[in-house]
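Novice: Pasting a structure below so you can have a look.
Have a look at this one:
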C-alpha cells in the first residue's frame, strides 16, 4: 500500500552514496588488478610449462638436443615454435594473456627470413609471445652445432639455464636468438614486477630480470659467473621497465 509519509532520497544523500561508491572502487581497483594479473601470470607459467615439455619431448626424439639455431647465411633455418608444435599441439600456449600486442605483429624484418629460412615473410606469428634463448642452443656461434642444436648433456646446470622467456615487440621471435634481440626497444612489462622464465630442466619461475644475470649468468651455458656489464645493464633496464609496469 502506498505510504504518503515515506520520503525519497535527497540529492545530498545520493551524492554521498555515489562518493562512497567511488572511494570504495578506487580502493579496491588495485586489489582486483593484482588478482587479475596474478591469474594471467599463472596462465603464462602454464603455457611455458607446456612449451618446456614440448622442447624436452623434441629433444628425446632428436638425439637429446635442443632445437637448433642458425647464425649465418647458407644454412637452412627453422622455427623453434614449428618444430615443437607436434608435441604441444595447441597454438594458444604460445600467447601470453598479458602480452597480446606481440601476437599481432607480422613478420616484417628481413632478419626474420635470414634467421628462419623457409618461413614466408608474410606468415603471421601465430600468437608467439615468447622467445627462445639462442645461447644454450649454440656453442661458439658456429655451425653445424648451431644447426643441430645444443646437446642436453652439455648443459652443466639445467636448473639455472634459461630456455624460453617473455618478450615485447620482437619481429623474429620464431628463431632462437641472442639476448640482444630478446631485450629490444620494446621490453615486456612483466607480471607484477617479474617475468616468467622456462629453464632447461623444464621448470618455470617468475623472477626479476636482474636476478637472471647475477650471481649466475642464466643466459649462457658457457659462463658460470656473473653476466658481463653489457648483459647486466640490459637486464637492469628491463627490470626498470617491469617495475614501472
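Residue numbers (the numbering used here): -13 to 231. Cβ coordinates follow ideal geometry from the N, Cα and C atoms, glycine included. Keep in mind the model is a prediction, meaning the values are calculated, not measured.
1) Could you tell me if the beta carbon of residue 229 falls within a distance shorter than 6 Å of some heavy atom in the ligand ATP?
2) When you compare each of 43, 135, 1, 116 to residue 207 by their alpha carbons, which one comes out closest?
3) Under three-state DSSP, which class holds residue 30?
4) Residue 74 and residue 36: beta carbons closer than 7 Å?
5) By Cβ distance, which residues of its chain are closer than 6 Å to residue 196, with the 5 residues on each side in sequence left out?
6) When we look at the beta-carbon of residue 0 and count the other beta-carbons within 10 Å, is it buried (16 or more) or exposed?
7) What are the boundary residues of the beta strand (DSSP E) that residue 116 is part of?
8) Would you kindly work out how many angstroms separate the C-alpha atoms of residue 146 and residue 6, rounded to a whole number?
9) May I ask which residues mark the beginning and end of the alpha helix (DSSP H) holding residue 217?
10) Quick check on this structure: which residue in 43, 68, 85 has the alpha carbon closest to the alpha carbon of residue 175?
11) Kindly indicate the opening and closing residues of the beta strand (DSSP E) around residue 190.
12) Counting only the same chain and skipping the five closest in sequence on each side, list residues whose C-beta sits under 7 Å from that of residue 229.
Specialist: Per the coordinate set shown:
1) The ligand ATP is not among the ligands present in this structure, which contains no ligands whatsoever.
2) By 1-based counting over the chain shown, the position of residue 207 is 221. Considering only alpha carbons, the answer is 135.
3) To locate residue 30, count along the chain shown from 1; it is residue 44. Residue 30 falls in the helix class under three-state DSSP.
4) Counting from 1 along the chain shown, the entry for residue 74 is found at position 88. Counting from 1 along the chain shown, the entry for residue 36 is found at position 50. Closer than 7 Å, so yes.
5) To locate residue 196, count along the chain shown from 1; it is residue 210. If we look at residue 196 and ignore the five residues flanking it on each side, its Cβ neighbours are 221, 222, 225.
6) Position 14 of the chain shown, counting from 1, holds the residue named residue 0. When all chains shown are included, residue 0 counts as exposed.
7) Taking the chain shown and counting its residues from 1, one reaches residue 116 at position 130. Note, residue 116: beta strand (DSSP E), 116 to 118.
8) Here residue 146 corresponds to residue number 160 of the chain shown, with the count starting at 1. Here residue 6 corresponds to residue number 20 of the chain shown, with the count starting at 1. Those two C-alpha atoms are separated by around 50 Å.
9) Residue mapping note: residue 217 aligns to position 231 of the chain shown, counting from 1. Run containing residue 217: 215 to 230, per the alpha helix (DSSP H) assignment.
10) Taking the chain shown and counting its residues from 1, one reaches residue 175 at position 189. It is 85.
11) Here the question's residue 190 lines up with position 204 in the chain shown. Per DSSP, residue 190 belongs to the beta strand (DSSP E) from 190 to 193.
12) Here residue 229 refers to the residue found at position 243 when the chain shown is read from its first residue. Once the five neighbours on either side are set aside, the close Cβ partners of residue 229 are 179.
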